[in-house]
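These notes concern the structure reproduced below.
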Amino acid sequence: MTGEEAGRLIDHILTRYHAVHRAEMPDLIQLATAVEAAHPSHPQLPRGLTDLLRRMAWEMEAHMRKEEDGLFPELRAGEDRMAMAMTLMRDEHDDHAARLEQLAALTHQHRPPPGACATWQALCAGTAKFAEDLREHIRLENEVLFPGFGA
Ligand SMILES: [Fe+2]
Ligand SMILES: [Fe+2]
Numbered sequence: 000m001t002g003e004e005a006g007r008l009i010d011h012i013l014t015r016y017h018a019v020h021r022a023e024m025p026d027l028i029q030l031a032t033a034v035e036a037a038h039p040s041h042p043q044l045p046r047g048l049t050d051l052l053r054r055m056a057w058e059m060e061a062h063m064r065k066e067e068d069g070l071f072p073e074l075r076a077g078e079d080r081m082a083m084a085m086t087l088m089r090d091e092h093d094d095h096a097a098r099l100e101q102l103a104a105l106t107h108q109h110r111p112p113p114g115a116c117a118t119w120q121a122l123c124a125g126t127a128k129f130a131e132d133l134r135e136h137i138r139l140e141n142e143v144l145f146p147g148f149g150a
């Protein structure tokens with residue numbers, strides 16, 4: 000993959016995934032906080048979801064900054080000796096995938112209980128969309144961008 004081709008893919012990743020995660024995560028945290036506060040004794044309450052989302056936001060911010068400040072500028076320049084950095088990013092993607100499993104388990108596969116309030120429904124729709132976005136984001140990096148540089 001040339002630096003120019005990488006640049007186009009990276010631009011897409013930044014606008015469609017990095018920016019979207021950053022925009023949506025605070026809303027998800029707010030929805031989770033509201034649901035946990037409103038239904039403390041509900042048997043299907045995703046207890047601890049707010050903390051999990053806060054943790055994911057923090058971990059993903061650190062990860063995306065490494066890509067934006069460290070790896071991506073090198074790939075845009077066509078630098079083909081970034082194998083170690085891409086290995087590290089893959090490891091972090093595995094960590095994010097494990098968090099997505101926790102998220103799915105906690106939200107009962109992103110399904111609100113019968114008769115759930117609008118906030119709970121919005122929370123589940125939001126976490127489902129976030130999970131789908133993050134999976135596709137990781138797939139594009141692991142299976143398209145990094146292999147373009149032999150990693
Ligand atoms: Fe990324
Ligand atoms: Fe990444």
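Here the sequence shown is numbered in numbering that gives the first Met the number 0, starting from 0 and rising by one per residue. In this text, a Cβ means the ideal position worked out from N, Cα and C, and glycines have one as well.
- H136 carries a helical assignment under DSSP once its states are collapsed to helix, strand and coil.
- When rounded, the separation of the alpha-carbon atoms in T32 and T49 is 6 Å.
- Between Q120 and P111 a beta carbon distance of about 5 Å is seen, short of the 8 Å cut, so the two are scored as contacting.
- Taken through DSSP and simplified to helix, strand or coil, F71 comes out as helix.
- Secondary structure at R15: helix, using DSSP grouped into helix, strand and coil.
- Sequence-distant Cβ neighbours of A150 in its own chain, meaning closer than 6 Å and more than five residues away, are A82, M85.
- Going by DSSP, H95 is part of the alpha helix (DSSP H) stretching over 82-105.
- Taking C123 as the centre and dropping the five residues before and after it, the same chain places the C-beta of T106, H109, R110, P111, A115 closer than 8 Å to its C-beta, in chain order.
- CA-CA distance, E3 to G147, rounds to 12 Å.
- DSSP, reduced to helix, strand and coil, places P146 within a helical segment of the structure shown.
- Per the Cβ contact rule, the segment 24-40 is not in contact with the segment 66-76 (fewer than 3 Cβ pairs under 8 Å).
- Q43 and I137 have their C-alpha atoms some 29 Å from each other.
- T126 carries a helical assignment under DSSP once its states are collapsed to helix, strand and coil.
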